[in-house]
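In what follows, a single structure is set out as structure tokens and then discussed.
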Amino acid sequence: MNSLLGRRIIMAHLPTPVHFLPRLSGELGISLFVKRDDLTESVASGNKLRKMEYLLFDARERGADTLVTCGGVQSNHCRAVAWVAARAGLRSVLLLRGEAPRTLEGNLLVDRLLGAEVRFHSAQEFQDIDAVQAAVCDRLRSEGRHPCWIPMGGSNAVGALGYVRMVQELSDADLQFDHIYCAMGSGGTYAGLWIGVRHFQRAERLHAIAVCDDAAYFTAELARIRREFRSRFGWTVDLSGAEAGMDDGHVGIGYALNTGEELRRMIQYARTEGLVLDPVYTLKAFLGMTDHIQRGVIQPGERVLFVHTGGHYGLFPKHGELAGALDGGAASGG
Ligand SMILES: Cc1ncc(COP(=O)(O)O)c(C=O)c1O
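Basically my numbering = 1-based index in the sequence shown + 304.
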């Protein structure tokens, strides 16, 4: 495993810091720390850059000159791919789910700024994204380019190595916790953390709070990543028991949708501790964690590490709802 962890192209500012949050710790009755993976880079901030270090190494080995990936219109992953491509002198093609929005903002604005070729596909077309990407890659090859397909969220065995490496940072810094929490959107971050905790023989309990889909979907995704580790690297990784750490009870009113109460709590965390979460991923994960405190999954006084996986550009398309919550007026949103 250690040799696999070296197969990366350095792009992120690592190790990211771990901050203790004294006031929220007091309020919640635990010792709360945050792993600042929102600080991996400025424009490419967040968890996706850790995965992309490994995925770029892999793409380079395959002789790629164009990175092709997919995601939602406000995908943080697509933004990271667009940045990595620009930084490495490659081109990027982003297949985005949905219609072109009238306003160019948030992640999409940054994608365009970085020169990504952006193509919009209907939800129906997206159901067979493999066929869409195959056609796009064929077209690129016919133009003399060398595309490399990167799956949604960068969540495959190669990308997951980024979060195995994050666990190594904790061991190198001699930091120990009782629990580690992260948001789960495509499963690669959690898979990497799980493999890392086993590999570095650590004792933390891992928890992944789903922001979309359900536990059955993520169980299948983890099984896929596990198979890929075997076929790609000849490694048998132990993901048994990982399902127990997944909680799909905090998706709320839907992916990327927030109630006014959720946004008010996001504002409260920002004001109490300067902990600015993003509304789509880290806010829901954080609310899941506070629910676990109430339900006794986390015992009073335990040491908890919350992985801040970034996503701040997702704040900007929410400016209307946030303005309502800031004024104390929003009851619920969508
Ligand atoms: C900000 C942010 N946090 C967390 C996640 C979840 O990570 P993963 O897709 O590896 O489950 C994502 C992406 O889906 C994200 O953009």
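Where a beta carbon is used, it is the ideal one built from N, C-alpha and C, also for glycine.
Short of 7 Å in beta carbon distance, which residues of its chain neighbour residue i, apart from the five on each side in sequence? Order them along the chain.
{"i": "threonine 320", "result": "Lys339, Arg340, Asp341, Leu343 and Thr344"}
{"i": "phenylalanine 522", "result": "Met488, Gly491, Ala514 and Met550"}
{"i": "aspartate 415", "result": "Cys382, Arg383, Ala386, Leu398 and Val422"}
{"i": "alanine 519", "result": "Glu547, Met550 and Asp552"}
{"i": "leucine 479", "result": "Val322"}
{"i": "alanine 574", "result": "Val580"}
{"i": "proline 621", "result": "Gln378, Glu409 and Gly410"}
{"i": "alanine 390", "result": "Leu418 and Gly419"}
{"i": "arginine 534", "result": "Thr540"}
Flag residue i as yes when its Cβ comes closer than 8 Å to any non-hydrogen atom of ligand 3, and as no otherwise.
{"i": "methionine 550", "result": "This structure does not include ligand 3; its bound ligands are ligand 1."}
Do residue j and residue i have their beta-carbon atoms positioned less than 9 Å apart in this structure?
{"i": "histidine 596", "j": "aspartate 551", "result": "yes"}
{"i": "methionine 305", "j": "threonine 373", "result": "no"}
{"i": "arginine 364", "j": "alanine 404", "result": "no"}
{"i": "glycine 492", "j": "serine 459", "result": "yes"}
{"i": "glycine 410", "j": "tyrosine 617", "result": "yes"}
{"i": "leucine 630", "j": "leucine 619", "result": "no"}
{"i": "arginine 568", "j": "glycine 632", "result": "yes"}
{"i": "alanine 589", "j": "tyrosine 485", "result": "yes"}
{"i": "alanine 477", "j": "valine 322", "result": "yes"}
{"i": "valine 417", "j": "glutamate 577", "result": "The sequence shown places leucine at residue 417, rather than the valine named in the question. For leucine 417 and glutamate 577, no; Cβs fall outside 9 Å."}
Which same chain residues end up closer than 8 Å to residue i when comparing Cβ atoms and leaving out the 5 residues on each side of it in sequence?
{"i": "glycine 549", "result": "Tyr494, Trp498, Arg509, Leu510, His511 and Ala512"}
{"i": "serine 636", "result": "For serine 636, the predicted model reports a pLDDT of 43, less than 50, meaning its position is unreliable; a value from the coordinates is still stated below. So the qualifying residues of the chain are Ile557, Thr563, Gly564 and Glu565."}
{"i": "leucine 309", "result": "Leu465, Val468, Arg469 and Gln472"}
{"i": "serine 475", "result": "Phe504 and Arg506"}
{"i": "glutamate 429", "result": "Val436"}
{"i": "phenylalanine 537", "result": "Leu308 and Ala461"}
Name the residue from the options whose alpha carbon lies nearest to the alpha carbon of residue i.
{"i": "threonine 489", "options": "Leu526, Val462 and Phe481", "result": "Checking the sequence shown, residue 489 turns out to be glycine, not threonine. Out of Leu526, Val462 and Phe481, Leu526 has the C-alpha closest to the C-alpha of glycine 489."}
{"i": "leucine 394", "options": "Thr576, Gly466, His450 and Leu474", "result": "His450"}
{"i": "leucine 353", "options": "Ala519, Thr613 and Leu398", "result": "Thr613"}
{"i": "aspartate 554", "options": "Leu412, Cys516 and Leu360", "result": "Checking the displayed sequence, the identity of residue 554 turns out to be histidine instead of aspartate. Out of Leu412, Cys516 and Leu360, Cys516 has the C-alpha closest to the C-alpha of histidine 554."}
{"i": "histidine 317", "options": "Gly333, Leu412 and Gly350", "result": "Gly350"}
{"i": "asparagine 654", "options": "Gly592, Gly402, Leu412 and Phe361", "result": "A question about residue 654 goes unanswered here, because the residues of the chain that appear run from 305 up to 638."}
{"i": "methionine 315", "options": "Ala439, Val601, Ala348 and Arg406", "result": "Ala348"}
{"i": "glutamine 378", "options": "Tyr573, Cys452 and Thr407", "result": "Thr407"}
{"i": "cysteine 441", "options": "Arg502, Asp369, Arg530 and Glu577", "result": "Asp369"}
{"i": "glutamate 532", "options": "Gly496, Val388 and Leu587", "result": "Gly496"}
Just to confirm my understanding: we take residue i, look at its own chain, exclude 5 residues before and 5 after, and list those with CB closer than 6 Å. What are they?
{"i": "valine 462", "result": "Tyr358, Leu359 and Asp362"}
{"i": "glycine 448", "result": "none"}
{"i": "leucine 592", "result": "The amino acid at residue 592 is misidentified as leucine; the sequence shows glycine. The residues are Ile513, Asp551 and His554."}
{"i": "leucine 609", "result": "Phe337, Lys339, Phe481 and Ile484"}
{"i": "arginine 528", "result": "none"}
{"i": "serine 426", "result": "none"}
Please report the Cβ distance between residue i and residue j, rounded to the nearest whole angstrom; I am assuming they are in contact, meaning their Cβ atoms lie under 8 Å.
{"i": "leucine 400", "j": "glycine 375", "result": "7 Å"}
{"i": "glycine 333", "j": "proline 604", "result": "5 Å"}
{"i": "aspartate 482", "j": "arginine 607", "result": "5 Å"}
{"i": "glycine 371", "j": "serine 396", "result": "Here residue 371 is leucine; the residue named in the question, glycine, does not match the sequence. Correct: roughly 5 Å between the Cβ atoms."}
Does the stretch 325 to 335 touch the stretch 432 to 444, meaning 3 or more C-beta pairs lie closer than 8 Å?
no
So, do the stretch 571 to 585 and the stretch 534 to 552 have three or more beta carbon pairs nearer to each other than 8 Å?
no
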